[in-house]
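One structure below.
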Amino acid sequence: MPRKSHFLASPGGTSRGSAAASNSRPGLCDWRPAECSRQPIRAWSHRAAPIGDERNLDKGPLGARAEELEPVIKDNVVVVYEVLEEMLDNGFPLATESNILKELIKPPTILRTVVNTITGSTNVGDQLPTGQLSVVPWRRTGVKYTNNEAYFDVIEEIDAIIDKSGSTITAEIQGVIDACVKLTGMPDLTLSFMNPRLLDDVSFHPCVRFKRWESERILSFIPPDGNFRLLSYHVSAQNLVAIPVYVKHNISFRDSSSLGRFEITVGPKQTMGKTIEGVIVTSQMPKGVLNMSLTPSQGTHTFDPVTKMLSWDVGKINPQKLPSLKGTMSLQAGASKPDENPTINLQFKIQQLAISGLKVNRLDMYGEKYKPFKGIKYMTKAGKFQVRT
568 MPRKSHFLAS PGGTSRGSAA ASNSRPGLCD WRPAECSRQP IRAWSHRAAP
618 IGDERNLDKG PLGARAEELE PVIKDNVVVV YEVLEEMLDN GFPLATESNI
668 LKELIKPPTI LRTVVNTITG STNVGDQLPT GQLSVVPWRR TGVKYTNNEA
718 YFDVIEEIDA IIDKSGSTIT AEIQGVIDAC VKLTGMPDLT LSFMNPRLLD
768 DVSFHPCVRF KRWESERILS FIPPDGNFRL LSYHVSAQNL VAIPVYVKHN
818 ISFRDSSSLG RFEITVGPKQ TMGKTIEGVI VTSQMPKGVL NMSLTPSQGT
868 HTFDPVTKML SWDVGKINPQ KLPSLKGTMS LQAGASKPDE NPTINLQFKI
918 QQLAISGLKV NRLDMYGEKY KPFKGIKYMT KAGKFQVRT
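All you need for the numbering used here is the position in the sequence shown, starting with 1, plus 567.
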């Protein structure tokens, strides 16, 4: 079926439906129509975020991770506007499914760019995706695989602020369930949890049947083909957020002294026996610190005397031998004692653990006769994790 071209927002236009851009978070440009209701655009921006987001399993239509997205957008600005043209119709959300957009807009290549320049053609396909013609627009028809498999990744980010005594000031969890589904035909899946009441402030992919979730707390859906984000959720009840690491610190500055003491130790706290890995400790030191002479028990550290940034790459934490970083700080002569001690920021990952306690009970498939391979993986990582000293 021939496709009808939709409205394309002009970068400098101010007419109805034209878009203005404002940064709402890293990796996401929030395009808002000048005169249209903001509510549907909020929903659209939520659906648009994974297209260039590094947390998505797929690289998105532009084929780039978040840290690479800016130069890719500059090099492929025409493709970006073609994608926006399909996603918005006169300023309102239209096609927001990543798999559909990949069929609509051909990925940019050097050869295609040269051909388009010579012939004046575009990356937009001439035919509608098959999914656009069905009652399940997020899934294309006639899907066939030799190996049928469905993988789900439960990924949680913990944001926390820990005070000097080790008590939790604030803590919350931002979680997502990313899926990679490659199943033949039109499967109907149900995903149940052992403790679904943990999930709060949940946002679903359009494929999820919301009424069944409300009544039974079961996810029932016909999945898109390939990679997609099934849901995102938020756990804000502080008593439900376990803090997986602790930091012992002794950072001292003395008046009328050119030396200061620095000592920190990192250890596991509530990890259910799982290994904490990828640990990186950073701290912005006061301006009066000229240099640091430190000795790590494991890993490597660097201190930039210009930016005053200390970074310690710890790696894995061995509970039998906790990593520590000890030494002295060289201070400016005659400088007064800093008003407050530096804060410590942590990055870490814990494989096969959802720190909220969320667990998948079972995954069932209906509508097809074959038995697919199914897999569930959990991961917890630090978001904005700060320890005050």
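Quick reminder that beta carbons are idealized off the backbone N, C-alpha and C, glycines included.
Which first and last residues belong to the beta strand (DSSP E) in which residue i is found?
i	result
Leu898	Ser891 to Leu898
Tyr937	Looking at the DSSP string, Tyr937 is not in any beta strand (DSSP E), and its letter there is neither H nor E.
Glu907	No beta strand (DSSP E) contains Glu907, which DSSP labels as neither H nor E.
Lys815	Val812 to Phe820
Asp768	Asp767 to Phe771
Ser759	Asp755 to Phe760
Asn856	A small fix is needed here, since residue 856 is Val in this sequence, not Asn. Counting along the chain, the beta strand (DSSP E) containing Val856 begins and ends at Val856 to Pro863.
Between the C-alpha atoms of residue i and residue j, what's the straight-line distance to the nearest angstrom?
i	j	result
Ile810	Gln837	6 Å
Lys944	Glu716	14 Å
Glu783	Leu758	11 Å
Lys926	Tyr800	14 Å
Leu889	Val833	6 Å
Val881	Val848	7 Å
Thr895	Gln887	26 Å
Cys603	Phe659	Low confidence applies here, because Cys603 scores a pLDDT of 42, under 50, leaving its location unreliable and the question unanswered by this model.
Pro909	Ile728	13 Å
Val808	Glu664	32 Å
Arg764	Trp780	11 Å
Lys854	Gln899	9 Å
Pro863	Ser891	6 Å
Val710	Met753	8 Å
Asp871	Met839	36 Å
Asn885	Ile722	23 Å
Phe952	Ser923	16 Å
Lys673	Leu930	34 Å
Ser819	Ser850	14 Å
Ile911	Ser803	22 Å
Asn817	Glu670	57 Å
Thr956	Asp730	7 Å
Leu877	Gly827	15 Å
Ile831	Tyr718	39 Å
Thr713	Ser734	53 Å
Ser860	Pro638	39 Å
Asp656	Ile667	15 Å
Gly901	Asp726	38 Å
Lys883	Arg707	43 Å
Along the chain, where does the alpha helix (DSSP H) that runs through residue i open and close?
i	result
Asp642	Leu636 to Asp642
Ser779	The residue asked about is misnamed: residue 779 is Arg in this sequence, not Ser. It spans Phe777 to Glu783 - the alpha helix (DSSP H) in which Arg779 sits, taken as one unbroken run.
DSSP puts residue i in a beta bridge; with which residues?
i	result
Asn885	Lys888
Trp879	Val848 and His868
Gly834	Tyr813
Asp730	For Asp730, which the question treats as bridged, DSSP gives no partner whatsoever.
Gly970	Summary: the structure shown does not reach residue 970, with the chain confined to residues 568 through 956, and so no result is reported for it.
Val704	Here the sequence assigns Pro to residue 704, which means Val is not the residue at that position. Paired residues: none, contrary to the question.
Lys948	Glu724 and Lys916
Val802	Ile740
Ala902	Paired residue(s): none; Ala902 is not in a bridge.
Gly827	Phe820 and Met896
Ile943	Phe719
Specify whether the region 640-659 and the region 767-774 touch according to this definition: at least 3 beta carbon pairs, one from each stretch, less than 8 Å apart. no
The region 820-829 in contact with the region 788-799 per 3-pair CB rule at 8 Å: no
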